[in-house]
Amino acid sequence: MEQDEEIPELVEAPLEAPGTTGDDGDSRVPLTILTGYLGAGKTTLLNYILTENHGRRIAVIMNEFADTADIESRTINVSSDTGLTEEVLELANGCLCCSVKDSGAAAIEKLMRKKGKFDYILLETTGVADPGPIAAMFWQNEELASDIYLDGVVCVIDSVFGARQLEERREGWINEGLRQLACADVVLVNKTDLATPSQLASLDALIAEINPTVPRFSTQMGMVNLDQILGLRAYERFSMIPTAFVSTDAPCDDDHDHDPSHSHPHPSGHLDDVSSCVLALPSLTVDQLSRLDEFIRSLLWDNVLLRADASELTADFEILRCKGLFASDGKPFVLQGVRNIYDINAVQGDDMTVPNGKIAFIGRGLGDGHVLIECLQRYLNIISS
Amino acid sequence: MGVDCPNTAGKLECPTCVKLGIKGSFFCNQDCFKRSSGKHDPWPFFTYTGSVRPAYPLSPRREVPESIPKPDYWKDGIPKSERSFDAQRNPRILNKQEIEGMRVSCRLAREVLDIAAAAVAPGVTTDELDKIVHEETIKRGGYPSPLNYRDFPKSVCTSVNEVICHGIPDHRQLQEGDIVNLDVSLYYNGFHSDLNETYPVGKIDEDSQRLIDTTRTCLDEAIAMCKPGALFRDIGKVIEPIAKANGCSVVRTYTAHGTNQLFHCAPTIPHYAKNKTPGAMKAGMTFTIEPMINLGLSHDDHWPDNWTCVTRDGKRSAQFEETLLITETGVEVLTARKDRKRIYP
Numbered sequence: 001m002e003q004d005e006e007i008p009e010l011v012e013a014p015l016e017a018p019g020t021t022g023d024d025g026d027s028r029v030p031l032t033i034l035t036g037y038l039g040a041g042k043t044t045l046l047n048y049i050l051t052e053n054h055g056r057r058i059a060v061i062m063n064e065f066a067d068t069a070d071i072e073s074r075t076i077n078v079s080s081d082t083g084l085t086e087e088v089l090e091l092a093n094g095c096l097c098c099s100v101k102d103s104g105a106a107a108i109e110k111l112m113r114k115k116g117k118f119d120y121i122l123l124e125t126t127g128v129a130d131p132g133p134i135a136a137m138f139w140q141n142e143e144l145a146s147d148i149y150l151d152g153v154v155c156v157i158d159s160v161f162g163a164r165q166l167e168e169r170r171e172g173w174i175n176e177g178l179r180q181l182a183c184a185d186v187v188l189v190n191k192t193d194l195a196t197p198s199q200l201a202s203l204d205a206l207i208a209e210i211n212p213t214v215p216r217f218s219t220q221m222g223m224v225n226l227d228q229i230l231g232l233r234a235y236e237r238f239s240m241i242p243t244a245f246v247s248t249d250a251p252c253d254d255d256h257d258h259d260p261s262h263s264h265p266h267p268s269g270h271l272d273d274v275s276s277c278v279l280a281l282p283s284l285t286v287d288q289l290s291r292l293d294e295f296i297r298s299l300l301w302d303n304v305l306l307r308a309d310a311s312e313l314t315a316d317f318e319i320l321r322c323k324g325l326f327a328s329d330g331k332p333f334v335l336q337g338v339r340n341i342y343d344i345n346a347v348q349g350d351d352m353t354v355p356n357g358k359i360a361f362i363g364r365g366l367g368d369g370h371v372l373i374e375c376l377q378r379y380l381n382i383i384s385s
Numbered sequence: 001m002g003v004d005c006p007n008t009a010g011k012l013e014c015p016t017c018v019k020l021g022i023k024g025s026f027f028c029n030q031d032c033f034k035r036s037s038g039k040h041d042p043w044p045f046f047t048y049t050g051s052v053r054p055a056y057p058l059s060p061r062r063e064v065p066e067s068i069p070k071p072d073y074w075k076d077g078i079p080k081s082e083r084s085f086d087a088q089r090n091p092r093i094l095n096k097q098e099i100e101g102m103r104v105s106c107r108l109a110r111e112v113l114d115i116a117a118a119a120v121a122p123g124v125t126t127d128e129l130d131k132i133v134h135e136e137t138i139k140r141g142g143y144p145s146p147l148n149y150r151d152f153p154k155s156v157c158t159s160v161n162e163v164i165c166h167g168i169p170d171h172r173q174l175q176e177g178d179i180v181n182l183d184v185s186l187y188y189n190g191f192h193s194d195l196n197e198t199y200p201v202g203k204i205d206e207d208s209q210r211l212i213d214t215t216r217t218c219l220d221e222a223i224a225m226c227k228p229g230a231l232f233r234d235i236g237k238v239i240e241p242i243a244k245a246n247g248c249s250v251v252r253t254y255t256a257h258g259t260n261q262l263f264h265c266a267p268t269i270p271h272y273a274k275n276k277t278p279g280a281m282k283a284g285m286t287f288t289i290e291p292m293i294n295l296g297l298s299h300d301d302h303w304p305d306n307w308t309c310v311t312r313d314g315k316r317s318a319q320f321e322e323t324l325l326i327t328e329t330g331v332e333v334l335t336a337r338k339d340r341k342r343i344y345p
């Protein structure tokens with residue numbers, strides 16, 4: 001009880017307009033993560049997007065965002081029909097009870113409430129950053145009634161030096177370029193005017209080997225049709241997946257023994273190599289679907305391969321990205337995964353048929369993926385004939 | 001903005017608010033300010049979603065004796081040790097000694113909550129409840145974990161009616177028919193404990209009672225599914241159907257969390273059904289479950305203090321929380337009240 005406190009003297013206030021009002025639109029804003037090796041042309045692309053007259057209000061957040069916990073304030077460039085403005089991202093006060101909402105995401109939402117919604121948000125990661133954790137964070141953040149959703153990851157690759165960069169290996173050094181490509185939902189092969197046809201062809205083959213499902217577009221000076229990189233809904237829709245799968249062939253199902261004459265271009269097996277594997281899936285029973293879920297979560301959460309005899313095998317590789325489209329119980333299902341976050345969802349609405357179910361894994365140290373593929377086949381009891 | 005004052009507020013501002021950096025505490029004159037006993041709404045131009053208003057200025061910051069061990073944020077407000085990637089991603093497995101530390105901390109927090117709850121009555125201010133929690137905590141050699149955590153100004157969260165969570169204790173008096181949640185956390189001998197309950201103030205209406213009962217059931221059923229191997233993502237699948245069946249909704253913005261040597265750490269556990277949360281429970285993990293359930297829609301907003309979280313439709317919200325330990329066979333409710341089930345199954 002502090003009733004008898006003395007009432008203090010009032011003080012004169014300086015003149016200032018009070019308060020701000022919030023904008024309460026209902027549409028969520030797509031966020032695209034832009035990644036790529038140093039010098040690949042990200043900045044050129046961003047400058048193109050910021051200055052091009054596209055009639056959209058695009059916020060471009062430059063600078064590293066990798067360690068979002070440590071951003072105190074970041075400048076953010078907003079390009080709109082009224083020109084280019086620079087704003088400061090203000091870190092929202094943290095939450096007492098924990099909130100998954102990342103401080104970076106919360107800061108963007110706060111800015112939008114103050115300045116009005118953007119049509120798009122483009123987030124540039126540094127050339128040496130792995131976009132996987134950031135993508136996982138924004139994807140998971142969507143559940144929290146967020147204003148922002150993860151649209152996709154765009155990776156810019158230099159057509160002249162890209163192949164050499166992707167193949168570079170040094171002891172004790174992680175080639176983030178590989179992780180960037182592994183995570184990509186679209187690849188922009190930039191500076192194609194400077195590359196020879198054979199350079200382009202071998203880069204294309206290398207990209208397909210690492211990320212077999214990714215659409216690729218050629219660009220010069222970062223000039224790109226924005227529709228090719230924005231509005232992908234790569235983590236929601238499955239429209240991207242079937243077309244992307246077409247260009248790849250499933251890996252051999254035979255129990256092969258690394259015969260050097262084998263037709264696939266196999267990675268050398270270096271620990272840091274990023275490679276991929278694809279498995280064809282027949283229509284799954286309800287039980288098989290739940291076993292698939294069990295297999296995936298053990299793999300992504302604990303890095304453990306489940307075997308049909310219930311024994312466990314610790315995986316000596318790391319899955320960076322997985323996707324799949326398959327049928328179960330007459331309905332199409334989509335798998336999306338980045339790092340240890342994944343989702344298996346029935347596709348809503350239309351009765352699409354999935355004639356050729358497939359599931360793809362992209363991982364570091366995965367080799368040709370035959371260990372993973374065999375374990376999964378046996379666990380689902382779908383050993384192919 | 002004085003209490004019951006018909007005049008438009010002038011250019012005179014409350015000095016305490018100015019000192020605290022709160023803008024807009026204007027009064028028409030000194031008399032009006034006096035009539036309000038200096039208590040007022042610091043944001044008169046803010047559109048509140050319900051009927052609860054802040055009653056500022058806050059009382060001065062309460063002191064914690066030097067002899068009491070403090071968490072890393074007590075001075076500058078920054079929980080540095082919580083910021084590591086590992087703390088946020090990998091749930092810790094506690095050893096026997098650490099588990100014993102958690103047991104003691106949780107028992108003390110339960111004692112403090114029960115003492116504060118006994119004081120809930122019409123006419124009591126939330127600041128008075130804060131004083132009780134603060135004093136009972138330090139009397140036991142504990143530090144009130146909320147105090148200065150990310151600059152939170154008080155030692156307990158008091159959330160009245162439409163306040164979902166993180167209400168800041170102030171000079172508002174509880175009124176007959178209110179519901180109030182007291183969220184107590186304390187740091188003792190290196191371990192944080194965390195629990196909360198929602199209490200009726202005098203006689204409450206039927207809807208409020210249904211809300212409180214539903215929320216308690218949500219928590220109890222969620223606890224009952226905890227055991228080694230159970231998935232964190234399935235907790236929300238237990239909670240949301242119960243809330244829905246009772247015409248209520250589940251708050252999405254705030255989650256349950258690991259608590260041990262760190263106040264908030266992995267796992268992060270949502271209370272809604274559809275979620276991608278990774279991880280399975282393992283013996284030796286300690287974490288909370290703390291569903292926030294609304295009578296109306298799940299949407300939330302925040303007051304300009306950046307803490308007080310309220311329902312957007314202004315309808316009431318309740319919450320219950322316990323700190324849990326996963327055992328070899330099930331779960332132990334470390335913060336259980338004496339007359340409630342402690343060991344599951």
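Keeping their order, the protein sequence lines are chains W and F.
Here full-length UniProt numbering is used: the first residue of the first sequence is 1, the next is one more, and so on.
Here full-length UniProt numbering is used: the first residue of the second sequence is 1, the next is one more, and so on.
Using N, Cα and C, we set each Cβ at its ideal position, and we do this for glycine too.
Model, not experiment: these values are computed from the prediction.
- Item | Per-residue DSSP class, three states only, for Glu176/F | coil
- Identify each residue in the stretch 268-285 of chain F for which the Cβ-Cβ distance to at least one residue of chain W is less than 9 Å, and report them in chain order. The stretch 268-285 of chain F vs chain W, Cβ under 9 Å: Thr268, Pro270, Tyr272, Lys274, Asn275, Lys276, Thr277, Pro278, Gly279, Ala280.
- Message: Can you give me the C-alpha to C-alpha distance between Tyr342/W and His171/F, rounded to a whole angstrom?
- Response: Cα-Cα distance, rounded: 47 Å.
- Does the beta-carbon of Trp173/W have 16 or more other beta-carbons within 10 angstroms, so that it is buried, or is it exposed? exposed
- Task: Give every residue of the same chain whose Cβ lies closer than 8 Å to the Cβ of Pro345/F, excluding the five residues on either side of it in the sequence, and list them in chain order.
- Result: Ala224, Lys227, Thr329, Gly330
- Is it a yes or a no for the stretch 323-342 of chain F touching the stretch 296-312 of chain F, going by three-plus beta-carbon pairs under 8 Å? no
- Message: Just to confirm my understanding: we take Trp74/F, look at its own chain, exclude 5 residues before and 5 after, and list those with CB closer than 8 Å. What are they?
- Response: Apart from the 5 residues on each side of it in sequence, Trp74/F sits with its Cβ closer than 8 Å to the Cβ of Val64, Tyr143, Leu147, Asn148 in its chain, given in chain order.
- Compute the distance between the beta-carbons of Asp158/W and Lys191/W, then report whether it is under 8 Å. A contact, by the Cβ cut-off of 8 Å.
- Answer with yes or no whether the minimum CB distance from Gln348/W to chain F is below 8 Å. no
- Task: Kindly indicate which residue of Val29/W, Leu292/W, Ile344/W, Cys277/W has the alpha-carbon position closest to the one of Lys117/W.
- Result: Val29/W
- For the beta strand (DSSP E) containing Gln336/W, list its first residue and its last residue. Going by DSSP, Gln336/W is part of the beta strand (DSSP E) stretching over 331-338.
- Query: From the beta carbon of Ile148/W, is the nearest beta carbon of chain F less than 8 Å away?
  - Reply: no
- Query: To the nearest angstrom, how far is it from the Cα of Thr47/F to the Cα of Phe26/F?
  - Reply: 16 Å
- Query: Is the CB-CB distance between Ile362/W and Leu320/W below 8 Å?
  - Reply: yes
- Task: Measure from the alpha carbon of Arg339/W to the alpha carbon of each residue in Ser298/W, Asp368/W, Phe333/W, then state which is nearest.
- Result: Comparing Cα positions, the closest option is Ser298/W.
- Query: Is Pro215/W helix, strand or coil when you go by DSSP?
  - Reply: The DSSP-derived three-state label of Pro215/W is coil.
- Neighbour flag for Arg252/F against chain W, beta carbons, 8 Å: yes
- Message: With distance defined between alpha-carbon atoms, name the residue in Gly367/W, Glu236/W, His370/W nearest to Thr344/W.
- Response: The question names Thr, but residue 344/W in the sequence shown is Ile. Measuring from the Cα of Ile344/W, the nearest candidate turns out to be Glu236/W.
- Cβ of Leu295/F within 7 Å of any heavy atom in the ligand HEM? Inclusion of the ligand HEM in the displayed structure is not the case, the ligand content being empty and no account of it being possible.
- Query: Is the stretch 205-213 of chain F touching the stretch 231-245 of chain F in the sense that three or more CB pairs, one from each, lie closer than 8 Å?
  - Reply: no
- Query: Do the stretch 252-260 of chain F and the stretch 173-181 of chain F make contact, defined as three or more Cβ pairs closer than 8 Å?
  - Reply: no
- Message: So with CB distances below 7 Å, who are the chain F contacts of Asn340/W?
- Response: Pro278
- Can you name the start and end residues of the alpha helix (DSSP H) that Thr323/F belongs to? Looking at the DSSP string, Thr323/F is not in any alpha helix (DSSP H); the run it does join, the beta strand (DSSP E), is 322-326.
- Message: Looking at chain F, is there any beta carbon in it that lies within less than 8 Å of the beta carbon of Glu109/W?
- Response: So, not an interface residue.
- Neighbouring residues, chain F, relative to Trp301/W (Cβ below 8 Å): Pro278, Gly279, Ala280
- Residue range of the beta strand (DSSP E) that includes Ala346/W: For Ala346/W, the uninterrupted beta strand (DSSP E) run begins and ends at 341-346, by DSSP.
- Query: Does the stretch 279-287 of chain F come within contact of the stretch 82-101 of chain F, defined as at least 3 CB pairs closer than 8 Å?
  - Reply: yes
- Output yes or no for whether 8 Å exceeds the beta carbon distance between Leu262/F and Glu13/F. no
- Counting along the chain, where does the beta strand (DSSP E) carrying Leu34/W start and finish? 29-36
- Once you ignore the five residues that flank Asp26/W on each side, which residues in its own chain have a CB closer than 8 Å to its CB? With a pLDDT of 45 at Asp26/W, under the threshold of 50, the modelled position of that residue is not reliable, and the figure given next carries that caveat. No residues qualify anywhere along the chain.
- Out of Leu34/W, Ala59/W, Asp273/W, Pro197/W, which has the shortest C-alpha to C-alpha gap to Gly367/W? It is Asp273/W.
- Candidates Gly365/W, Gly357/W, Ser276/W, Ala308/W: closest to Glu374/W by CA position: The shortest Cα separation from Glu374/W among Gly365/W, Gly357/W, Ser276/W, Ala308/W belongs to Ala308/W.
- Message: Within 8 Å of any Cβ in chain F, is that where the Cβ of Gln220/W sits?
- Response: With 8 Å as the cut-off, Gln220/W does not count as an interface residue toward chain F.
- Query: Among Gly77/F, Asn246/F, Lys276/F, Val52/F, which has the Cα closest to the Cα of Gly296/F?
  - Reply: Asn246/F is the residue among Gly77/F, Asn246/F, Lys276/F, Val52/F whose C-alpha sits nearest the C-alpha of Gly296/F.
- What's the C-alpha gap between Asp114/F and Leu58/F? 24 Å
- Message: With H, G and I counted as helix, E and B as strand and the rest as coil, what does DSSP make of Asp183/F?
- Response: The answer is strand: DSSP assigns Asp183/F an E or B state.
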